[in-house]
Amino acid sequence: MALRLNLYHEVHKARALKRRDPLKISIYGISAIAALFASWYFVQLVRMHATNDEYLKVKAEFEKVEPMAKAAKKKEDELAQKAATSVLIGKRIESRFYWAPLLAELTQVVPREVQITRLGGEVSASGGSDNARHCALTIDGLSAGADPRHVAEDLRTAIAERLAPHYKSVTSTFKTLEDGSEMVMLDGKQVGTATFAIVVQMATVEDKPTAAGRRKK
Amino acid sequence: MKLGKDEIQKLVLGILLLFGLVYSYFDLLLGPLVKREETARQSVNALGPEIASAKAQIEKTQQALKNSPAATLPMRQVEAMIPEGSPVAWFPTRMAEFFKKQGLDKASTRMTAETIEKELPGFRKIAWGVDLPKVEFVPFGQAIAELENEEPLLEVSALQIDASRDDVETQHAFLTVNNLVKQ
């Protein structure tokens, strides 16, 4: 067998050692990992920029739309307020107390034996859940006849009967009823008199058919 | 293969370098980047509904504006009915002219009270006393009917009719009326 002498074994060994230098291998590995990380970072950077661009676009749109929405909301509130006021004004107008029909009814009910000397009436402000308007009438007058008190009583009941179909809770009561001192001439005869004061109270309700029917005269 | 002491030291150093690299990468580079992206994404997601809500509001208002002429018509009509200027300047004249037209002369009107209408912003209520020294009951009733029909913003809140002792045919009437005017 031939003897072979490797005179370069020292050199070969040094080369082998250099080739499998752990630090070098580690640096290679780390470099590879760093390259991967760098690539992934770049991908993330691109994604972040895309998201950021999207955010800026959305923010710009929001900044454009938000003042318009605020102005729109303000305008809508104003419109709603105006609409509510319109409805309320309409209701106010519709729920007014109309005196003309009441005076017309009273004209119909007063007989020739009675003279009204004073008529006063007052409507109270609407209140409560039923939107009722309350009216109080005071009728002062003089009745004449064979039985003047009876004439006054007939008037009191006639007023209540006449107004009851058109108003709610009609009450007609005497505040005073006294024999009068003076005599008057009626149908060519001297007859006695009585002075009276009748208090009539009634209520009208909004949107009530009877009240609505009496609005226009 | 057996590693020498020198090689082990180098290997440990390499591993340490690797850890350092990984830590630095995640904590100093990728971490903040991802966090920023997440923040931006959350902002985008949060702004989306707000933009939609704002657009819906604008659309709703536009619709309301389209419908507003019908909804606010009574108010505009009422505003058109109220003359410009101080009510003290025009209302007494208006009442005097109205009753004169009805054949009832010498009507005098005075302001008695003024209240702000809380329920009706932009309006106030004025109470007036209208004195009619000489009226006949039937023409007076007709005048009241005309007044109530012609003046929807006016309400007679009280009336008083007194028979005259001197003239049995005529009466003295006093009306308390409330009128709605602009603020």
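Residue numbers (our numbering), protein chains in the order written: chain Z, 10 to 226; chain W, 542 to 724.
Backbone N, C-alpha and C define an ideal beta-carbon position, used for all residues, glycine too.
A quick note: this is a predicted structure, and the numbers were derived from the prediction, not measured.
Span of the beta strand (DSSP E) around W:Met-622:
First-last for W:Met-622: 614 to 622, but that is the alpha helix (DSSP H), not the beta strand (DSSP E).
Can you grab the Cα-Cα spacing for the pair Z:Lys-79 / W:Thr-602, in whole Å?
Their Cα atoms are separated by approximately 11 Å.
Please classify W:Lys-551 as buried or exposed, where buried requires at least 16 neighbouring CB atoms within 10 angstroms.
Around the beta-carbon of W:Lys-551, 16 or more other beta-carbon atoms lie within 10 Å, marking it buried.
Measure the Cβ-Cβ separation of Z:Phe-71 and W:Ala-595 and say whether it is below 9 Å.
Here Z:Phe-71 is near W:Ala-595, since their CB atoms are less than 9 Å apart.
Confirm, please, whether the CB-CB distance from Z:Ser-181 to Z:Val-208 is below 9 Å.
Yes.
So, does the CB of W:Phe-681 fall closer than 9 Å to a CB anywhere in chain Z?
It does: the Cβ of W:Phe-681 has a partner Cβ on chain Z nearer than 9 Å.
My parser needs the alpha helix (DSSP H) runs of 4 or more residues fully inside the segment 632 to 665 of chain W; what are they?
At a cut-off of 4 residues, not a single continuous stretch assigned as alpha helix (DSSP H) sits fully inside the segment 632 to 665 of chain W.
For Z:Arg-223, which residues from the same chain have a beta carbon less than 7 Å from its beta carbon, with the 5 sequence-adjacent residues on both sides left out?
Low confidence applies here, because Z:Arg-223 scores a pLDDT of 45, under 50, leaving its location unreliable; read the following figure in that light. Excluding positions up to five away in sequence, the list reads Tyr-107, Pro-110, His-175.
For W:Lys-596 and chain Z, any beta-carbon pair shorter than 9 Å?
For W:Lys-596, the answer is yes, since a Cβ of chain Z falls inside 9 Å of its Cβ.
Rank W:Val-679, W:Lys-607, W:Gly-682 by C-alpha distance to the C-alpha of Z:Lys-84 and give the top, closest one.
For Z:Lys-84, the closest C-alpha among the options W:Val-679, W:Lys-607, W:Gly-682 is that of W:Lys-607.
So what does DSSP say about W:Thr-602, is it helix, strand or coil?
Looking at W:Thr-602 - three-state DSSP - the assignment turns out to be helix.
Which residue marks the beginning of the beta strand (DSSP E) containing W:His-713, and which one marks its end?
According to the DSSP assignment, W:His-713 belongs to the beta strand (DSSP E) that extends over 712 to 723.
Identify whether W:Val-553 lies in helix, strand or coil by the three-state DSSP scheme.
Assignment of W:Val-553 by DSSP, reduced to helix, strand and coil, places it in the helix class.
Taking Z:Phe-183 as the reference, give the member of Z:Gly-38, Z:Arg-24, Z:Thr-147, Z:Glu-122 with the closest Cα.
Nearest to Z:Phe-183 by alpha-carbon distance, out of Z:Gly-38, Z:Arg-24, Z:Thr-147, Z:Glu-122, is Z:Thr-147.
Separation of W:Ala-612 from W:Glu-692, as counted between CA atoms
Separation of W:Glu-692 and W:Ala-612 (C-alpha to C-alpha, rounded to the nearest whole angstrom) is 22 Å.
Closer than 9 Å to chain W by CB, Z:Gly-189
False, the Cβ-Cβ gap to chain W never drops below 9 Å.
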